[in-house]
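A.B. asks:
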Amino acid sequence: MKEFIINNPLDMHLHLRDNDMLKLVAPLSAKTFAGALIMPNLVPPITSKEALLSYKQRIKEASNDNNFETFMTLFFKSDYTFDFLKDIKDDIIGIKLYPAGITTNSEDGVSSMDIEFLRPNLQIMSDLNIPLCVHGETNGFVMDREKEFMPTYEALAKSFPKLKIIMEHITTKEAVLLLDKYDNLYASVTLHHLLITLDDLAGDSLKPHLFCKPIAKRPRDKKALLKAALKAHPKLMFGSDSAPHPKHKKESCGCAAGVFTSPIALQVLTQLFEKHKCLDNLNTFVSLNAQKIYNIKINNKYIKLIKKDFKVPNIYEYKNENVVPMYANETLLWSIKE
Ligand code: DOR
Ligand code: ZN
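When you read off a place in the sequence shown, starting at 1, and then add 26, the result is the number in this note's numbering.
1) Indicate the three-state DSSP secondary structure (helix, strand or coil) for D153 in the structure shown.
2) Which runs of the beta strand (DSSP E) at least 3 residues long sit entirely within the stretch 304-339? Give them in chain order.
3) Taking just the CA atoms, how far does G284 sit from R244?
4) Are three or more beta carbon pairs between the stretch 350-359 and the stretch 81-100 nearer than 8 Å?
5) In chain order, what residues of the same chain have a beta carbon less than 6 Å from the beta carbon of F336, not counting five sequence neighbours either side?
6) Return helix, strand or coil for Y212, following the three-state DSSP convention.
7) So F102 and L123 are in contact, right, with Cβ under 8 Å, and what is the actual spacing, rounded?
8) Just to check, is the beta-carbon of N131 closer than 8 Å to a non-hydrogen atom of ligand 1?
9) Hey, L227 and L262: beta-carbon distance below 9 Å or not?
10) Using a Cβ-based criterion (distance less than 8 Å to any ligand heavy atom), does H195 qualify as near ligand 2?
11) Relative to the alpha-carbon of L295, which residue among N325, L331, K323 and F108 has its alpha-carbon at the smallest distance?
12) By the three-class DSSP mapping on this structure, what secondary structure does A255 have?
13) Could you check whether the stretch 338-345 touches the stretch 60-67, counting it as contact only if at least three pairs of C-beta atoms, one from each stretch, sit closer than 8 Å?
14) For the beta strand (DSSP E) that Y342 lies in, which residues bound it at each end?
15) Locate the alpha helix (DSSP H) running through H274, then write down its first and last residues.
16) Is H161 near ligand 2, going by C-beta to nearest heavy atom under 8 Å?
17) What residue range does the beta strand (DSSP E) around T198 cover?
18) Should P35 and I319 be called a contact, given that it needs their Cβ atoms to be closer than 9 Å?
19) Quick one: give me the first and last residue of the alpha helix (DSSP H) that I222 is part of.
20) May I have a chain-ordered list of the beta strand (DSSP E) segments no shorter than 3 residues that lie completely inside the stretch 90-144?
21) Out of A269, P240 and A282, state which residue places its alpha-carbon closest to the alpha-carbon of L40.
22) Is N45 close to ligand 1? I mean its beta-carbon at under 8 Å from any heavy atom of the ligand.
23) Among K303, V160, D209 and Q149, which residue has its Cα nearest to the Cα of T178?
24) Among all the DSSP beta bridges, which residues are the ones paired with I191?
25) Look up N34 in the DSSP assignment and say whether it is helix, strand or coil.
26) Would N34 count as contacting chain C if we go by Cβ distances under 9 Å?
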């Protein structure tokens, strides 16, 4: 049977939540990934060293796997001091900036993306070599939010040439093009944005489990993202943005944003890269690029995939928590070898 090995797969944008949801989803990521960059948008968000280290410990306990590395992020606040950031620097891989109210649990984000307002903090981050991860959307028309944010990325890149800036979960051709324009701009891309457009979400009947922020865009955007991923563009890395919400919050009016993909991500990526005859680039896209960009070393964890049908569960459950994965009930062509 056909096999494929991925060495140290990394998920560089992951929501693990807390409590029983954490206990439900952390083992699923730990099973197929060697490590992940953990998002800080808990309620309340992670803004202190104490909260960060105790969350890291809860993830470790929940994940049932000593071989799953967690790269922690802090939630950006404009008033962090030099001393605070110097002290926490070695415990984080970056700081995640959200414009206030732009997505799930981002109410405490920044009220303004004005560079002068952000300058003191970004200068400290640049001096201390702490990467900046950004949710890059304006509050304009939903299909244009990322595109409208491009001038802000450019202003950030120009104003802080030594600051590593990661455009998180990019969804547009414009963002792909920007990667080659500034040395200090990098990006992550999700699985779902390589696969779906707005049509898949809302063209036929509404599919709440495909609703996320930023919203899936046009065919031209998907094409540009896919092209960059398939060739393992060196400034692009895999970040699932797997964002679990309980079934009742997705299948409701006022549907929560987020697609849950962590347990199917590697199988689907393998299927996708195989389909496009680019399997040779998958390891670079899903591991090596992130290691270079973030300058991280990671323990050897080989994940073996076999070309054997995998029926995706219709739901994952633990105690009172549950979550519906992307491709629920469908059959994938590749499975993880146990
Ligand atoms: O769809 C999303 N869900 N996008 C985000 O930026 C946040 C995430 C979440 O935390 O649910
Ligand atoms: Zn996210």
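For every residue, glycine included, the Cβ atom is placed at its ideal position computed from N, Cα and C.
C.D. replies: Considering the structure as presented:
1) Here residue 153 is taken as the residue at index 127 of the sequence shown, counted from 1. DSSP places D153 in helix when its eight states are reduced to three.
2) Counting only runs of 3 or more, we get 328-332.
3) One-based indexing of the sequence shown puts residue 244 at position 218. One-based indexing of the sequence shown puts residue 284 at position 258. Near 18 Å, if we compare the C-alpha coordinates of G284 and R244.
4) Touching, no, given that fewer than three Cβ pairs across the two stretches are closer than 8 Å.
5) Translated into positions along the sequence shown, residue 336 becomes position 310. Within the same chain, and ignoring the five residues on either side of F336 in sequence, the residues whose Cβ sits closer than 6 Å to its Cβ are Q293, L358 and S361.
6) Working through the sequence shown from its first residue, we reach residue 212 at position 186. DSSP places Y212 in strand when its eight states are reduced to three.
7) Within the sequence shown, the letter at position 76 stands for residue 102. Within the sequence shown, the letter at position 97 stands for residue 123. Sure, about 4 Å apart at Cβ, within 8 Å.
8) Reading the sequence shown from its first residue, position 105 is the one you call residue 131. Within the chosen limit of 8 Å, ligand 1 reaches the beta carbon of N131 through at least one heavy atom.
9) Walking along the sequence shown from the start, residue 227 turns up at place 201. Walking along the sequence shown from the start, residue 262 turns up at place 236. With respect to L262, L227 sits apart: the two C-beta atoms are not nearer than 9 Å.
10) If you number the sequence shown from 1, residue 195 lands on position 169. Yes, since a heavy atom of ligand 2 falls inside the 8 Å radius drawn around the Cβ of H195.
11) Position 269 of the sequence shown, counted from the first residue, corresponds to residue 295. Here the closest residue by C-alpha is L331.
12) Along the sequence shown, read from residue 1 onward, the residue named residue 255 stands at position 229. A255 falls in the helix class under three-state DSSP.
13) No, the stretch 338-345 does not touch the stretch 60-67.
14) On the sequence shown, residue 342 is found 316 positions in, with the first residue counted as 1. Per DSSP, the continuous beta strand (DSSP E) segment holding Y342 begins and ends at Y342 to Y344.
15) For the purposes of this step, residue 274 is taken as the residue at position 248 of the sequence shown. It spans K273 to K276 - the alpha helix (DSSP H) in which H274 sits, taken as one unbroken run.
16) Translated into the one-based positions of the sequence shown, residue 161 becomes position 135. Within the chosen limit of 8 Å, ligand 2 reaches the beta carbon of H161 through at least one heavy atom.
17) On the sequence shown, position 172 is the one that residue 198 refers to. Membership of T198 in any beta strand (DSSP E) is not indicated, and neither H nor E is assigned to it by DSSP.
18) Within the sequence shown, numbered from 1, the residue matching residue 35 stands at position 9. Within the sequence shown, numbered from 1, the residue matching residue 319 stands at position 293. For the pair P35 and I319, the CB atoms are not nearer than the 9 Å cut-off.
19) Position 196 of the sequence shown, counted from the start, is the residue given in the question as residue 222. That residue, I222, is in no alpha helix (DSSP H); it is neither H nor E in DSSP.
20) DSSP runs (the beta strand (DSSP E)) wholly in the stretch 90-144: 95-101 and 120-123.
21) Along the sequence shown, one-based indexing puts residue 40 at 14. Residue A269 is the option with its Cα nearest to L40.
22) Taking the sequence shown and counting its residues from 1, the one referred to as residue 45 is at position 19. No, the beta carbon of N45 sits no closer than 8 Å to any heavy atom of ligand 1.
23) Looking up residue 178 in the sequence shown gives position 152. If we check each option's Cα against that of T178, V160 comes out closest.
24) Here residue 191 corresponds to residue number 165 of the sequence shown, with the count starting at 1. DSSP links I191 through a beta bridge to L158 and L211.
25) What you label residue 34 is simply residue 8 of the sequence shown in a count that begins at 1. N34 falls in the coil class under three-state DSSP.
26) Within the model displayed, chain C is absent; a lone protein chain is all it includes.
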